[in-house]
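Here is the structure we will look at, set down as structure tokens.
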Amino acid sequence: GAAGRSLTSSAVGVATSGAERAATDDEVVEAIHRRLRKLGKKGFVQLQTSLGNLNLEIHADMVPATAHNFLGLCKKGYYDGTLFHRVISDFMAQGGDPEGTGMGGESVWGGKFRDEFDLRLRHSCAGVLSMANSGTDTNGSQFFITFRDTPHLNDKHSVFGRVVGGMDVLHRLSRVATGDRDRPLHDVSLEGVVVFQDPVPEAEGLLEAEVRERVRARIAEEKTKSRGARIAGRAAAAKAGEGEGKGDDDDDDDRVGRFLNLPAAPTATGATKKKRARDGAAAAAMALPTTQQKRIKAPK
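If you're matching positions, the sequence shown starts at 1 in full-length UniProt numbering and goes up one per residue.
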């Protein structure tokens with residue numbers, strides 16, 4: 001969203017040992033995720049597959065980083081035209097790899113990001129939406145949807161949503177014929193994605209409003225100190241017969257500009273140097289070293 005992309009890390013102060021420093025990009029995005037939790041709102045997405053539509057509820061209030069990643073990729077069209085490249089009957093269907101091999105894909109920030117678990121979210125039934133990975137903290141773009149309860153995946157794969165419409169489509173997906181490496185014999189494609197609700201821009205807006213208020217308070221404090229110093233200086237000058245000094249008052253809105261970078265850049269901010277998301281909403285990445293040669297999959 002525009003709000004989050006307009007924030008600069010210098011505007012978000014972090015207290016350390018009694019002093020304040022500029023926040024890192026990761027700290028800015030974490031601040032957005034804290035506000036996502038407080039909002040308590042879900043995301044809603046429709047996956048338009050070649051077998052029919054799957055409506056998904058996204059748990060942005062419980063696992064905000066994972067939800068932010070998925071919603072951001074959906075909004076930038078990252079999944080359009082991708083395949084469910086791995087389907088295991090009575091287990092799960094895996095997709096989200098733009099290469100269609102099970103070895104590709106990256107997060108909305110570029111690279112990989114950390115696992116995110118919530119004890120309320122388990123692989124407890126059919127229709128659970130979870131992240132595929134190649135090991136700890138290697139989440140990118142790939143996801144899977146379960147056909148039944150798979151408790152052995154708990155605390156290994158980050159659950160971030162569930163199917164709330166189209167269970168008949170999910171059932172048809174579970175019955176497709178497959179060949180080598182569990183790949184469907186006939187392509188099951190993800191033709192498009194519709195994002196009905198995304199709470200990330202609202203969370204970004206909350207953070208921007210808080211930053212603006214913090215900056216204005218900082219400016220007011222600086223002005224008060226400056227005026228006090230000028231008064232003291234004038235008194236000293238008058239006593240010495242040197243006359244009064246000159247002062248100036250900066251315009252608050254101009255000074256806020258030091259901390260807020262408006263208008264927004266066209267792509268999302270991230271800590272990595274890889275490609276940025278056009279419609280990703282936050283300002284920073286949680287990228288980790290990739291494991292390019294490892295096949296990304298859900299454990300058997």
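Note that the Cβ used here is the ideal one computed from N, Cα and C, for glycine as well.
None of these values were measured; they are calculated from a predicted model.
When the options are compared against residue i, the one with the closest alpha-carbon
{"i": "K41", "options": "Q48, E57, N53", "result": "E57"}
{"i": "S107", "options": "G228, K156, H85, H68", "result": "H68"}
{"i": "residue 303", "options": "S124, A65, E204, Y79", "result": "Look at the range of the chain in this structure, 1 to 300, and you will see that residue 303 is not part of it."}
{"i": "F147", "options": "V87, H186, I219", "result": "V87"}
{"i": "R120", "options": "K239, P98, D155, G135", "result": "D155"}
{"i": "A93", "options": "G127, L71, R122", "result": "G127"}
{"i": "W109", "options": "F144, I145, S50, Y78", "result": "Y78"}
{"i": "R175", "options": "L51, R218, T24, A22", "result": "L51"}
{"i": "S189", "options": "F84, A23, G166", "result": "F84"}
{"i": "S130", "options": "E116, D182, I145", "result": "I145"}
{"i": "K112", "options": "G100, A132, G241, G95", "result": "A132"}
{"i": "F143", "options": "G165, A238, R181, D97", "result": "D97"}
{"i": "E99", "options": "S141, K239, T24, E116", "result": "S141"}
CB contact below 8 Å: residue i versus chain C
{"i": "E213", "result": "Given the protein chain composition of this structure (a single chain), no chain C is represented."}
Beta-bridge partners of residue i, as assigned by DSSP
{"i": "Q142", "result": "Q142 pairs with nothing; no bridge assigned."}
{"i": "V45", "result": "L56, V195"}
Contact set for residue i: own chain, Cβ-Cβ below 7 Å, skip 5 residues either direction
{"i": "R37", "result": "D61, P64"}
{"i": "A203", "result": "I32, R35, L36, L39"}
{"i": "T291", "result": "Any reading at T291 must be qualified, since the residue scores a pLDDT of 36, below 50, and its modelled position is unreliable; the value itself is stated next. Same-chain partners within the cutoff: S134, G135, T138."}
{"i": "E116", "result": "V63, A65, T66, S158"}
Cutoff 6 Å; reference residue i; Cβ partners in own chain excluding five residues on either side
{"i": "L185", "result": "A177, G179"}
{"i": "R122", "result": "N154"}
{"i": "A74", "result": "A small fix is needed here, since residue 74 is Cys in this sequence, not Ala. Excluding residues within five positions, the ones whose Cβ falls inside 6 Å are V45, V193, V195."}
{"i": "D118", "result": "M62, V63"}
{"i": "T150", "result": "H123"}
{"i": "L206", "result": "R35"}
{"i": "D187", "result": "L83"}
8 Å Cβ shell around residue i - same chain, five flanking residues per side excluded
{"i": "G228", "result": "none"}
If you pair each beta-carbon of the region 37-51 with each one of the region 194-201, do three or more pairs fall below 8 Å?
For the pair of segments examined, the region 37-51 was found to touch the region 194-201: the number of CB pairs separated by less than 8 Å reaches three.
Is it the case that the region 26-41 contacts the region 155-173, given that we only count it when at least three CB pairs across the two stretches are under 8 Å?
As far as the Cβ criterion goes, the region 155-173 does not touch the region 26-41, which means the pair count is below three.
Which runs of the alpha helix (DSSP H), 4 residues or longer, sit entirely within the UniProt domain "PPIase cyclophilin-type" (48-195)?
Unbroken alpha helix (DSSP H) runs of no fewer than 4 residues, entirely contained in the UniProt domain "PPIase cyclophilin-type" (48-195), are found at 64-75, 167-174, following chain order.
Assess contact between the region 215-232 and the region 96-107, defined as three or more Cβ pairs (one per stretch) separated by less than 8 Å. Is contact present?
In this structure the region 215-232 does not touch the region 96-107; the number of beta carbon pairs closer than 8 Å is below three.
At a cut of 8 Å, does the region 156-163 reach the region 66-81 through at least three beta carbon pairs?
As far as the Cβ criterion goes, the region 156-163 touches the region 66-81, which means the pair count is three or higher.
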